[in-house]
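Right, one structure below, let's go through it.
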């Protein structure tokens, strides 16, 4: 089932929750706490789904403008974005390598991952092997994320000292709007 649980999984989850609620008296504080937690959980899922759709839509629109013709995400891009969204919902850090041929849409998926991280209140990094590629990604990813209001901060070894210090401070303080693009070590 794309992007979530299968209908049978949802039914089993709802049945289990009904069983928990049936086992608790109506005036039990645990029941109230359970209902509050459940409502918060469902609201979080709904916000994630809404944000996910908004980000994918903004990326598709930006790609359409960039290439000058209608663009649709591929099945593989959708699958990668679903996996990234699911990873971000876990309590453990996401460690994911995205690979593909030149022109296969890796940058769009990376932009989605950065946007999803930023919307979750986290920061993400897109590593580039060279300063030039980091600058190209700054332009491309910046344009892709503009529609969702997420900025991109560049951090490379070639930046002037004051610019590098501001970028480093923004990243360290969490004020960098969403993504930063340092080149890989030794590049």
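Residue numbers (this note's numbering): 365 to 551. Quick reminder that beta carbons are idealized off the backbone N, C-alpha and C, glycines included. Values in this document were obtained by computation on a predicted structure and should not be read as measured data.
Check, Outcome
"Between the beta-carbon of residue 452 and the beta-carbon of residue 481, is there less than 8 Å?", "yes"
"Can you grab the Cα-Cα spacing for the pair residue 515 / residue 439, in whole Å?", "27 Å"
"Which residues in the same chain as residue 504 place their Cβ atom closer than 7 Å to its Cβ, once the five residues preceding and following it in sequence are excluded?", "471"
"Hey, which unbroken runs of the beta strand (DSSP E) at 3 residues or more fall wholly within the segment 495 to 521?", "none"
"So what does DSSP say about residue 474, is it helix, strand or coil?", "helix"
"Expressed to the nearest angstrom, what Euclidean distance is found between the alpha-carbon atoms of residue 468 and residue 476?", "15 Å"
"Quick one: Cα of residue 498 to Cα of residue 519, how far?", "8 Å"
"Given a cut-off of 8 Å on the beta-carbon distance, is the pair residue 490 and residue 501 in contact?", "yes"
"Span of the alpha helix (DSSP H) holding residue 445?", "439 to 452"
"Quick check on DSSP: helix, strand or coil for residue 488?", "strand"
"If I measure Cβ to Cβ from residue 512 and keep anything under 6 Å in the same chain, skipping five residues before and after, which residues do I get?", "419, 422 and 479"
"If I follow the unbroken alpha helix (DSSP H) through residue 468, where does it start and stop?", "Element bounds for residue 468: n/a, residue is neither H nor E."
"When the distance is taken between beta carbons, is residue 466 closer than 8 Å to residue 441?", "no"
"Under 8 Å between the Cβ atoms of residue 463 and residue 540?", "no"
"Out of 447, 391 and 521, which has the shortest C-alpha to C-alpha gap to residue 492?", "521"
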